[in-house]
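Residue numbers (my numbering), protein chains in the order written: chain A, 5 to 156; chain B, 5 to 156; chain C, 5 to 156. What follows is a single structure, written as structure tokens, with notes after it.
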Amino acid sequence: MPAPALALSGQVLPAFLLCSTLLVIKMYVVAVITGQVRLRKKAFANPEDALRHGGPQFCRDDQDVDRCLRAHRNDMETIYPFLFLGLVYSFLQPNPFVAHVHFLLVFLGRMVHTVAYLGKLRAPIRSLAYTLAQLPCASMALQIVWEAARHL
Amino acid sequence: MPAPALALSGQVLPAFLLCSTLLVIKMYVVAVITGQVRLRKKAFANPEDALRHGGPQFCRDDQDVDRCLRAHRNDMETIYPFLFLGLVYSFLQPNPFVAHVHFLLVFLGRMVHTVAYLGKLRAPIRSLAYTLAQLPCASMALQIVWEAARHL
Amino acid sequence: MPAPALALSGQVLPAFLLCSTLLVIKMYVVAVITGQVRLRKKAFANPEDALRHGGPQFCRDDQDVDRCLRAHRNDMETIYPFLFLGLVYSFLQPNPFVAHVHFLLVFLGRMVHTVAYLGKLRAPIRSLAYTLAQLPCASMALQIVWEAARHL
């Protein structure tokens with residue numbers, strides 16, 4: 005990280021970049037798992053893929069594939085906003101300890117969410133993990149709105 | 005907002021951060037509404053959720069849930085690019101009045117889009133709101149491409 | 005691009021902004037194509053749209069529309085993380101040649117992916133294009149994790 009960017013960030017940027025980028029890598033892993041489940045269950049979304057892997061009858065839905073797709077979609081609904089909110093929040097000179105708690109809750113919440121989704125853990129583990137990660141995101145959003153409104 | 009970040013932004017960054025973060029919060033609200041509709045219509049995507057709320061027969065599709073999911077997906081297709089384009093555009097030293105008009109059109113277009121989608125308003129209100137928000141996004145994208153190409 | 009932002013970026017920011025914004029515009033084109041296919045095949049997702057275009061029987065699924073939606077969703081799974089990773093990576097003072105190769109591979113991979121998807125090209129062209137674009141994204145993610153961990 006070059007000095008100027010770090011100097012702007014009030015020291016919490018590295019922690020944000022670590023948590024956020026690890027979550028992006030986690031999303032890539034979900035995509036790889038989806039592909040593996042498609043191959044193992046022989047359930048492809050496109051006729052051209054099915055043809056390559058045995059025949060047109062394998063262009064079909066599958067419950068486990070759909071589960072992977074839902075997990076990935078939920079990541080897009082929650083982790084992508086965090087990439088934006090966390091980056092902006094890191095430049096608002098937050099208290100470092102408070103900021104680290106924010107990032108850690110998002111990181112842990114989303115990791116547990118994926119494990120609970122793909123592992124079919126009993127309700128409401130997945131929903132609680134979702135909420136755990138959304139609360140710090142909502143907190144960061146409200147702080148950004150507040151700071152932005154003050155400087156209009 | 006710390007002074008250095010503001011100094012870089014040419015004064016339009018606060019307006020962008022306000023509009024964009026309010027749209028992220030609006031997306032969070034759509035997610036909450038989706039959950040409420042799932043509970044009220046007893047239509048869950050996962051067997052483990054259905055079991056917790058009455059039985060496996062409630063793992064089923066529902067037209068109103070699908071509508072919420074489509075509204076949320078359309079937000080992901082349009083608001084997420086705005087988070088990126090608007091942030092970069094804010095650092096291109098745009099005319100403040102022109103920039104504010106861009107941000108306001110995106111904000112209003114996407115708010116009306118969600119109301120029209122979830123409220124099942126008659127066509128083409130939703131499509132017009134979609135187009136209203138996409139035009140300033142396309143404008144910002146073209147200005148970024150132009151500036152980036154000049155500095156290659 | 006104002007001087008301060010360029011000075012921070014180590015000269016690779018313009019190339020990143022060009023590749024990333026062109027990919028966002030490409031996603032906008034996929035959205036327009038989806039709308040055109042809906043109109044041509046008379047296959048709408050919402051009853052209110054179907055009513056405006058001939059009658060409630062046109063609220064229905066269509067294979068070609070679904071294909072457009074899958075292409076767009078795959079873009080959201082891959083191009084959105086690139087918007088974040090590439091921006092952060094551009095501020096890590098990467099070797100300009102190496103950085104340009106990263107951005108170009110993502111750009112070419114995602115362009116070919118869309119052509120292969122919408123053009124129904126034979127497998128595994130689309131999958132290879134997907135992998136071609138994901139490898140530099142994974143490389144940027146690992147470099148960000150490394151730099152962030154060093155500065156914790």
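Positions of the beta carbon are idealized from the N, C-alpha and C atoms, including for glycine. Bear in mind the structure is a predicted one, so any value in this text is a computation, not a measurement.
By the 10 Å Cβ neighbour count, where 16 or more other Cβ atoms means buried, how is residue i classified, buried or exposed?
| i | result |
| --- | --- |
| Pro6(C) | Confidence at Pro6(C) is low in this model, with a pLDDT of 49, below 50, so the placement of that residue is unreliable and no value is reported for it. |
| Val36(A) | exposed |
| Thr118(A) | buried |
| Thr159(B) | As shown, chain B starts at 5 and ends at 156. That puts residue 159(B) outside it, with no answer to give. |
| Val105(A) | exposed |
| Thr38(A) | buried |
| Phe62(A) | buried |
| Arg42(B) | buried |
| Arg64(A) | exposed |
| Leu27(B) | buried |
| Ala11(A) | Here the model assigns Ala11(A) a pLDDT of 46, short of 50, so the residue's position is not dependable, and the following value carries that caveat. Per the 10 Å Cβ criterion, exposed. |
| Trp150(B) | exposed |
| Leu156(C) | exposed |
Excluding the 5 residues preceding and the 5 following residue i in the sequence, name in chain order all residues of the same chain whose CB lies nearer than 7 Å to its CB.
| i | result |
| --- | --- |
| Phe107(B) | Ala19, Phe20, Cys23 and Gly90 |
| Asp15(B) | In the sequence on display, residue 15(B) carries Gln and not Asp. Correct list, in chain order: Pro100. |
Using 8 Å for Cβ pairs, my map puts residue i next to residue j. What's the rounded Cβ distance?
| i | j | result |
| --- | --- | --- |
| Ala75(A) | Tyr32(A) | Ala75(A) to Tyr32(A), Cβ: 13 Å. No contact. |
| Glu52(A) | Ala127(C) | 5 Å |
| Lys45(C) | Asp66(C) | 5 Å |
| Cys171(A) | Val102(A) | The first residue shown for chain A is 5 and the last is 156, placing residue 171(A) beyond what the model contains. |
| Arg114(C) | Thr135(C) | Contact flag wrong, Cβ pair sits at about 12 Å. |
| Ile29(C) | Ala145(B) | 5 Å |
Looking only at its own chain, which residues have a Cβ that is under 6 Å from the Cβ of residue i, when we skip the five neighbours before and after it?
| i | result |
| --- | --- |
| Leu17(A) | Ser94 |
| Val110(C) | Phe86, Ala137 and Pro140 |
| Ala54(B) | Phe48, Pro60, Phe62 and Cys63 |
| Val69(C) | Val41, Arg42 and Ala47 |
CB-CB under 8 Å to residue i, same chain, minus the five flanking residues each way: which ones, in chain order?
| i | result |
| --- | --- |
| Val148(A) | Looking at the sequence shown, residue 148(A) is not Val but Ile. Excluding residues within five positions, the ones whose Cβ falls inside 8 Å are Leu89, Val92, Tyr93 and Leu96. |
| Leu125(B) | Val119 |
| Asn50(B) | Cys63 |
| Gly58(B) | Lys46 |
| Ile129(C) | Val116 and Ala120 |
| Ser143(C) | His106 |
Determine the chain D residues that contact residue i at a beta-carbon separation under 8 Å, and present them in chain order.
| i | result |
| --- | --- |
| Arg114(C) | No chain D is part of this structure, whose protein chains are labelled A, B and C. |
Given a limit of 7 Å on CB to CB distance, which residues of the stretch 59 to 89 of chain C reach chain A?
-> Near chain A, meaning a CB-to-CB distance below 7 Å, the residues of the stretch 59 to 89 of chain C are Arg74, Met80, Glu81, Tyr84, Pro85, Phe88 and Leu89.
In chain order, what residues of the stretch 22 to 48 of chain A put their CB closer than 8 Å to some CB of chain C?
-> Answer set for the stretch 22 to 48 of chain A: Leu22, Ser24, Thr25, Leu26, Val28, Ile29, Met31, Tyr32 and Ala35.
If contact means a Cβ-Cβ distance below 7 Å, which residues of the stretch 126 to 137 of chain A contact chain B?
-> Residues passing the 7 Å Cβ filter: Arg126, Ala127 and Pro128.
Scan the stretch 92 to 106 of chain B for residues whose Cβ lies nearer than 7 Å to a Cβ of chain C and list them as they occur along the chain.
-> The stretch 92 to 106 of chain B vs chain C, Cβ under 7 Å: Val92, Phe95, Leu96 and Gln97.
What residues in the stretch 139 to 155 of chain B have a beta carbon less than 7 Å from any beta carbon of chain C?
-> The residues in question are Ala142, Ala145, Ile148, Val149, Glu151, Ala152, Ala153 and His155.
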